[in-house]
Amino acid sequence: MLPLYIIGFMGAGKTTIGQKLSQDLHIPVFDTDHLVEQAEGKKISQIFAEKGEPYFRDKESEILLSTKNINGIITTGGGIILRKENRDFIQTTGSSVFLKCRIEKIMERIEYDTSRPLFVNKTLDEVQALYESRLCFYENTAKFIIDSTHLSIDETSYEIIKRIK
Ligand code: S3P
1242 MLPLYIIGFM GAGKTTIGQK LSQDLHIPVF DTDHLVEQAE GKKISQIFAE KGEPYFRDKE
1302 SEILLSTKNI NGIITTGGGI ILRKENRDFI QTTGSSVFLK CRIEKIMERI EYDTSRPLFV
1362 NKTLDEVQAL YESRLCFYEN TAKFIIDSTH LSIDETSYEI IKRIK
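In this note's numbering, the protein residues as written are 1242 to 1406.
Take a look at the structure:
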């Protein structure tokens, strides 16, 4: 059932898996971060720096609501589940997968990333605490969960396709 929302923490591989699913299923993929950047004409880090997180969250929610009738895959920013209205929307629209990944693996992937404002200048403990504070939202919002910690991109896509067919 489409749209298929991919939710999960920063660095879990949502964008990569969304693109792979798009190729495998021959359906389009859209990314909420990318759509916000397009609408604002600025990078996420610039939006956070100039207008603050609440402004970004408003734009992110607006973009999410605009995806309702898309027959495709929607990859989402890791904080999309922070607002109840977004969680309710994802639960009642199309289908959704929580792309789960162990925090150690996530840290390996995004250790040197400077494009994610909520990650920059954070200690491992702080990132871990953020991850844990969000875990129940991801778990309770998604229709199903795929743990990709030990899966390749191909295997993860295959597992998701098995669940939605
Ligand atoms: C955020 C995750 C980012 C982006 C923004 C905030 C978050 O997206 O939306 O930096 O709050 O977790 P990714 O999950 O694609 O990194």
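A virtual CB, placed ideally from N, CA and C, is assigned to each residue, including glycine. Note that the structure is a prediction, hence the values are computed from the model and not measured.
Secondary structure at Y1353: coil, using DSSP grouped into helix, strand and coil. In the three-state reduction of the DSSP assignment, V1361 falls in the coil class, being assigned neither a helical nor a strand state.
If the five residues before and after I1304 are omitted, its C-beta is found closer than 6 Å to the C-beta atoms of T1273, L1276, V1277, all from its own chain and listed in chain order. The three-state reading of DSSP puts L1276 in helix, counting H, G and I together. Counted as a single uninterrupted DSSP element, the stretch harbouring I1386 is not any alpha helix (DSSP H) but the beta strand (DSSP E) occupying residues 1385-1388.
With a cut-off of 8 Å on Cβ pairs, the region 1368-1379 is not in contact with the region 1277-1296, counting fewer than three such pairs. By the 16-neighbour rule on beta-carbons within 10 angstroms, T1308 is buried.
Taking C-beta atoms under 8 Å as the contact rule, K1255 and I1268 fail to qualify, at a distance of about 16 Å.
For the pair E1294 and S1389, the Cα-to-Cα distance works out to about 29 Å. Per DSSP, the beta-bridge partners of S1336 are L1245. Note that the C-beta distance between I1258 and S1356 is not below 8 Å. Taking C-beta atoms as the reference points, R1328 and F1297 fail to come closer than 8 Å. Excluding sequence positions up to five before and after F1360, its CB lies within less than 7 Å of the CB of M1251, I1351, D1354, V1368, all in the same chain and listed in chain order.
Spatial neighbours of K1363 in its own chain (CB-CB distance under 8 Å, excluding positions within 5 residues in sequence) are listed in chain order as L1371. About 10 Å separates the Cβ atoms of I1405 and S1337, ruling out a contact at the 8 Å cut-off.
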